[in-house]
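Report on the structure given below.
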């Protein structure tokens, strides 16, 4: 939890510094991450590709919208975001949890609907993992927690594309929905023939200052 707290403070500090110049938005919500896996060749003596289904985690951080025109904006910021996934194989369950500091760079279009604004956008993200673990539960309900070894199990870096939508309400509140598609193979072991990519569905609320 200490790592998570420090990362959240780091993610939020820039928005305190710029509040006097622009209007940042503080955001938090739930994530539904998964890991999609694909295999290029079959090896009898090696590991195979395994998809990890959606699990639940969270995100917190902030963004700033820089106006490019009356309706178009460049949005960036920093988020602490939970990724990973879960699967079950012959009664044995495994759940991967990883946490990243993620920097999105989204191009947004906002159009008014009454007193509110609907937004649509997309753009790349860049992320660095700072914590992770795998929880293993056997068919006999024995549990084991294994710390993630970045560089041995999974790569620390990740990048991909974000697709975002939401509503900016008249009274500071925002509703945010997004989907992140990983473009980078985060796997280290057997990465020559197996590709693992992060995918994250997210939903949450924000407060515009």
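Residue numbers (the numbering used here): 2 to 210. Yeah, the Cβ is synthetic: ideal placement off N, Cα and C, and Gly gets one too.
Proximity below 8 Å, CB of residue 155 to CB of residue 195: Cβ atoms of residue 155 and residue 195: not closer than 8 Å.
Quick one: which unbroken beta strand (DSSP E) runs of 3-plus residues sit fully inside the stretch 55 to 115? Chain order, please. 58 to 68, 73 to 90 and 93 to 114
Where does residue 172 sit, in a helix, a strand or coil, going by DSSP? coil
Three or more beta-carbon pairs under 8 Å between the stretch 139 to 149 and the stretch 171 to 178, yes or no? no
In this structure, how does DSSP classify residue 143 when only helix, strand and coil are distinguished? coil
Using a threshold of 8 Å, state whether the C-beta atoms of residue 129 and residue 102 are closer than that. yes
I'd like to check one pair, residue 71 with residue 214: are the Cβ atoms closer than 8 Å? Outside the displayed range of the chain (2 to 210) lies residue 214, so it cannot be described from this structure.
Drop a sphere of 10 angstroms on the beta-carbon of residue 120, count the other beta-carbons inside from all chains shown, and report buried for 16 or more, exposed for fewer. buried
Taking all protein chains shown into account, decide if residue 197 is buried (16 or more other Cβ within 10 angstroms of its Cβ) or exposed. Classification for residue 197: buried.
Taking only the alpha-carbon atoms, compute the straight-line gap between residue 20 and residue 26 and give it to the nearest angstrom. For residue 20, the pLDDT reaches just 49, beneath the cut-off of 50, and the residue's location in the model is therefore unreliable, leaving the point undetermined.
Use the C-beta contact count for residue 144: other C-beta atoms within 10 angstroms, 16 or more gives buried, fewer gives exposed. exposed
Does the beta-carbon of residue 184 have 16 or more other beta-carbons within 10 angstroms, so that it is buried, or is it exposed? exposed
Here's the rule I'm using: 16 or more other beta-carbon atoms within 10 Å means buried, otherwise exposed. How should residue 190 be labelled? exposed
Using beta-carbon positions only, say whether residue 107 and residue 51 come within less than 8 Å of one another. No; because the gap between Cβ atoms is not below 8 Å, this pair is not in contact.
Output the boundary residues of the beta strand (DSSP E) element that contains residue 27. Taken as a continuous stretch (DSSP letters only), the beta strand (DSSP E) holding residue 27 covers 26 to 40.
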